[in-house]
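Below: the structure, in structure tokens.
Residue numbers (the working numbering), protein chains in the order written: chain A, 127 to 379; chain B, 127 to 379.
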């Protein structure tokens, strides 16, 4: 998948769920996935938040599976009528749904014997060709098909699945960063900061403004895979802040 | 734009910024925008998180401007080298950038006279044909071009801009919801809940599982534009929970 040793592996994240698009609940999964993937040297290039709508799931999964090395989805794996992720991804891969006996037993161990009033068997149906992502809390696994990793939406359960998935991720060079905060207006630092970015093309320098207690400031983040270059660039940033009359505050990593 | 009185106006949201995709900071804007638009009867259909990359911004803005009644972007409006939103959206609309004198004065009033060391003038450059979205905190406005509303990324400033934008939004029927929580496993409620959804096709019934203190439960949300139907459906949900041996807890609106 990643033939060049210098190419950074890429990922796309799909957050599925009406409740997030309606603003009823705040997503907590994208940040967790992105930060962890960064530690593993995998870059999240794009994320999409979509509703529990079959056509949207199929279209987005196909697009991301073609574009990125890894795709991660969260949400829509439960047994209720609005949980359509597994069935939609089966359609995206033209794979029929099959009941997995291992998953069925795992769900019964956690939730008790499934009788005719329960819909829990649906959580043991996966597209043919999937491998399971174990989940010890609920007993209901996620699954992987192709490069697409399909996980639950509940943050604690998603994290448990994702931490398992990470074991099989092909690592890139870890992406690390150093940050300096200062209470200077971005307009003041912009020109000199641009010069530092041009001096160190191997790193990405971002300036993220904030507004706190009536004052503007900026967090300047140097991000890359070579720690010695990051350190040199951040020293230049620190000097620049001092020259402009500010006080560079190194943020703890 | 919204010729049928029954069609719900739609929106797409574009969250722009490397810092969010890297997991360094958690987005706070999508939830605010979505919840407020819901109150105004506008439905967020999709949201995309993209990096500060010109091609991504142009592609996503064009796609969303064609697909949705309203498009909202956040992030990338500052004066540093990584702030490329305004220039990219100008390209998406084939419109040259022009310096707006009103914006320039507004920035100078808040930030002081702009001299040759400052890059703040760039924050007064907008695509030709834009109208400004005023911003009292920083003095640096956002802008609207076509159906695309371009706002800052800092949450306090974004909210100030967005609240101004809302004044000119064409309202749909307000989308409201009622919620019942219970400590029943979703597998138990799924079949009966599906029957209630079929009985009330005018509303969307969602079941959102949670896991707290070692126990699974579900929040069942009935969402729609007709409060009398929402109330009838939620009464059915409450009865269902009791029949299944649970205790329906009505969540405060």
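Glycine included, every Cβ here is placed at the ideal spot set by N, Cα and C. Since we're looking at a predicted model, the values are computed, not measured.
Along the length of the region 302-337 of chain B, whole alpha helix (DSSP H) runs at least 4 residues long occupy 312-325, reported in chain order. The beta carbon of residue 330 (chain B) sits closer than 7 Å to the beta carbons of 349 and 350 from its chain, once the five residues preceding and following it are set aside; these are given in chain order. Residue 231 (chain B) sits in a helix when the DSSP states are folded into three classes. Under the Cβ distance rule, residue 262 (chain B) does not count among the residues neighbouring chain A, no pair being separated by less than 8 Å. Short of 8 Å from the beta carbon of residue 373 (chain B), and not among the five residues preceding or following it, lie these beta carbons of its own chain, in chain order: 308, 309 and 367. Taking a 10 Å sphere around the C-beta of residue 324 (chain B), we find fewer than 16 other C-beta atoms and assign the residue as exposed.
Chain B places no beta carbon closer than 8 Å to that of residue 273 (chain A), leaving this residue out of the contacts. Neighbours of residue 243 (chain A) in chain B, taken as residues at a C-beta separation under 8 Å, are given in chain order as 314 and 317. Per DSSP, the unbroken alpha helix (DSSP H) holding residue 369 (chain A) starts and ends at 353-369.
Counting only residues of its own chain and dropping the five nearest sequence neighbours on each side, residue 172 (chain A) has a CB closer than 6 Å to the CB of 138. Residue 147 (chain A) sits buried, since 16 or more C-beta atoms from the chains shown fall within 10 Å of its C-beta. What residue 173 (chain A) touches in chain B, judged by beta-carbon distance under 9 Å, is 141, 146, 147, 173, 174, 175 and 176, going in chain order. Within the DSSP secondary-structure output, residue 173 (chain B) pairs in a beta bridge with A:175 and B:139. Here residue 247 (chain B) carries a helix assignment [DSSP, helix/strand/coil].
The beta-carbon separation of residue 302 (chain B) and residue 356 (chain B), rounded to 7 Å, stays under the 8 Å limit for a contact. With distances taken between CA atoms, residue 200 (chain B) lies nearest to B:286 out of B:135, B:335, B:286 and B:294. Ranked by how close their Cα comes to the Cα of residue 158 (chain A), the residues B:353, B:335 and B:152 have B:152 in first place. Interface residue (Cβ-Cβ distance to chain B less than 8 Å): residue 161 (chain A) is classified as such.
Residue 293 (chain B) counts as exposed, since fewer than 16 other C-beta atoms from the protein chains shown sit within 10 angstroms of its C-beta. About 3 Å separates the beta carbon of residue 160 (chain A) from that of residue 149 (chain B), a gap short enough to meet the 8 Å contact definition. In this structure, DSSP gives residue 344 (chain A) an extended state, which the three-state scheme calls strand.
Between residue 305 (chain B) and residue 361 (chain B), the CB-CB gap reaches or exceeds 8 Å. Residues 246 and 265 of the same chain have their beta carbon placed closer than 7 Å to that of residue 237 (chain B), with the five preceding and five following residues left out of the count.
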